[in-house]
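**Q**
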Amino acid sequence: ATRNVSAILEKNCLAIGETTKISAIVSKGGGTITYEVKDEDVVNVDANGNITGVAGGETVVTIKVSETENYQTATETVKMIVIPCAPEITLKNVESTGKIKVTWKEVKGAEKYRVYRAASKGGVYKKVFTTTGLSYVNTSAKAGEKYYYKVCAIRNQDDVVSEFSSVKYRTCDLARPDITLKNLAST
Numbered sequence: 316a317t318r319n320v321s322a323i324l325e326k327n328c329l330a331i332g333e334t335t336k337i338s339a340i341v342s343k344g345g346g347t348i349t350y351e352v353k354d355e356d357v358v359n360v361d362a363n364g365n366i367t368g369v370a371g372g373e374t375v376v377t378i379k380v381s382e383t384e385n386y387q388t389a390t391e392t393v394k395m396i397v398i399p400c401a402p403e404i405t406l407k408n409v410e411s412t413g414k415i416k417v418t419w420k421e422v423k424g425a426e427k428y429r430v431y432r433a434a435s436k437g438g439v440y441k442k443v444f445t446t447t448g449l450s451y452v453n454t455s456a457k458a459g460e461k462y463y464y465k466v467c468a469i470r471n472q473d474d475v476v477s478e479f480s481s482v483k484y485r486t487c488d489l490a491r492p493d494i495t496l497k498n499l500a501s502t
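Counting from 1, position 104 in the sequence shown corresponds to residue 419 in our numbering; the numbering is continuous, with no gaps.
(1) Could you give the first and the last residue of the continuous beta strand (DSSP E) run that contains Cys-467?
(2) Since I believe Leu-324 is in contact with Val-393 (beta carbons under 8 Å), could you give me their beta-carbon distance rounded to a whole number of angstroms?
(3) Which residues in the same chain as Lys-442 place their Cβ atom closer than 6 Å to its Cβ, once the five residues preceding and following it in sequence are excluded?
(4) State the Cα-Cα distance for the pair Ala-468 and Glu-333, rounded to the nearest angstrom.
(5) On a CA-only basis, which of Thr-454, Tyr-484 and Val-482 is nearest Val-409? Give me that one, please.
(6) Does the region 448 to 466 touch the region 354 to 367, meaning 3 or more C-beta pairs lie closer than 8 Å?
(7) If we ignore side chains and look at the alpha-carbon of each, how far apart do Asn-500 and Ala-490 end up?
(8) Drop a sphere of 10 angstroms on the beta-carbon of Val-439, count the other beta-carbons inside from all chains shown, and report buried for 16 or more, exposed for fewer.
(9) Express the C-alpha separation of Pro-402 and Thr-412 in angstroms, rounding to a whole number.
(10) Quick one: measure Cβ to Cβ for Val-380 and Val-320, integer angstroms, because I've assumed they're closer than 8 Å.
(11) Please state the DSSP three-state secondary structure of Leu-406.
(12) Exposed or buried, which one is Ala-434 when buried takes at least 16 other CB atoms within 10 Å?
(13) For Arg-429, which of helix, strand or coil comes out of DSSP?
(14) Where Lys-436 and Glu-478 are concerned, what is the direct C-alpha to C-alpha distance, given to the nearest angstrom?
(15) From what residue to what residue does the beta strand (DSSP E) around Gly-372 run?
(16) Residue ranges of each alpha helix (DSSP H) run of no fewer than 4 residues wholly in the region 332 to 368, ordered along the chain?
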């Protein structure tokens, strides 16, 4: 005979390292309940249905109730999304040009990063750069001007975007002068 299994999920969107619980309700009959994950790089699930975010992205968890003497196997799938962690950014001035350089460490599960800039902390942030790298230099910054930055991490294949980093600011310096000394003394 046929039967159904339903999933009760506390939440389907997690941060990396966060855990939620998935429970199965079987319409009739017994059977062993197991959980399978399509992409274990995104979430892990234990035998009790505890799902933990591992890296940013999307995957599917399947609940399976085994066949019994009187009932067929039943399955139910749920989509899980794990949001990458927000990058932690550092700002410094490039010694030779005075321009502002924004750097961050790699975020697990991220495939690229977007850099946003504003003229004030509460101002309008505009996307100025997208990269697979771990830094950005504001080559259009003007000496003496203060700039505010924030960065988010993205898992490209699913377009899952992290929270923004904390906003940080820095003032663009003047370029270091290039001085050449010549000996004009006569011998």
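Glycine included, C-beta positions come from ideal geometry on N, C-alpha and C. No experiment lies behind these values; they were computed from the predicted model shown.
**A** The relevant details are as follows:
(1) As a first step, residue 467 is located in the sequence shown; it is residue number 152 there, counting from the start. Element bounds for Cys-467: 461 to 470.
(2) If you number the sequence shown from 1, residue 393 lands on position 78. If you number the sequence shown from 1, residue 324 lands on position 9. Right, their Cβ atoms sit about 6 Å apart.
(3) Position 127 of the sequence shown holds residue 442. Closer than 6 Å at Cβ, skipping near neighbours: Arg-429 and Tyr-431.
(4) One-based indexing of the sequence shown puts residue 468 at position 153. One-based indexing of the sequence shown puts residue 333 at position 18. Cα to Cα, Ala-468 sits roughly 17 Å from Glu-333.
(5) Taking the sequence shown and counting its residues from 1, one reaches residue 409 at position 94. When each option's Cα is compared against that of Val-409, the closest is Thr-454.
(6) The region 354 to 367, when compared against the region 448 to 466, does not touch it at the 8 Å Cβ threshold.
(7) Locating residue 500 in the sequence shown gives position 185, counting from the first residue. Locating residue 490 in the sequence shown gives position 175, counting from the first residue. First, the residue type needs correcting, since residue 500 is Ala and not Asn in the sequence shown. Each residue's alpha carbon lies about 30 Å from the other.
(8) Reading the sequence shown from its first residue, position 124 is the one you call residue 439. When all chains shown are included, Val-439 counts as exposed.
(9) Within the sequence shown, residue 412 is the residue found at index 97, counting from 1. Within the sequence shown, residue 402 is the residue found at index 87, counting from 1. Going by the C-alpha atoms only, they are around 25 Å apart.
(10) Working through the sequence shown from its first residue, we reach residue 380 at position 65. Working through the sequence shown from its first residue, we reach residue 320 at position 5. Yes, Val-380 and Val-320 are in contact; Cβ-Cβ is about 5 Å, under 8 Å.
(11) In the sequence shown, counting from the first residue as 1, residue 406 sits at position 91. Strand at Leu-406.
(12) Taking the first residue of the sequence shown as 1, we reach residue 434 at position 119. Exposed, because fewer than 16 other Cβ atoms sit within 10 Å of the Cβ of Ala-434.
(13) In the sequence shown, counting from the first residue as 1, residue 429 sits at position 114. If DSSP states are grouped into helix, strand and coil, Arg-429 belongs with the strands.
(14) Sequence index remark: in the sequence shown, residue 436 carries index 121 (1-based). Sequence index remark: in the sequence shown, residue 478 carries index 163 (1-based). Taking the CA atoms as reference points, Lys-436 sits about 17 Å from Glu-478.
(15) Within the sequence shown, numbered from 1, the residue matching residue 372 stands at position 57. First-last of the beta strand (DSSP E) with Gly-372: 372 to 380.
(16) Counting only runs of 4+ residues, no alpha helix (DSSP H) is found wholly inside the region 332 to 368.
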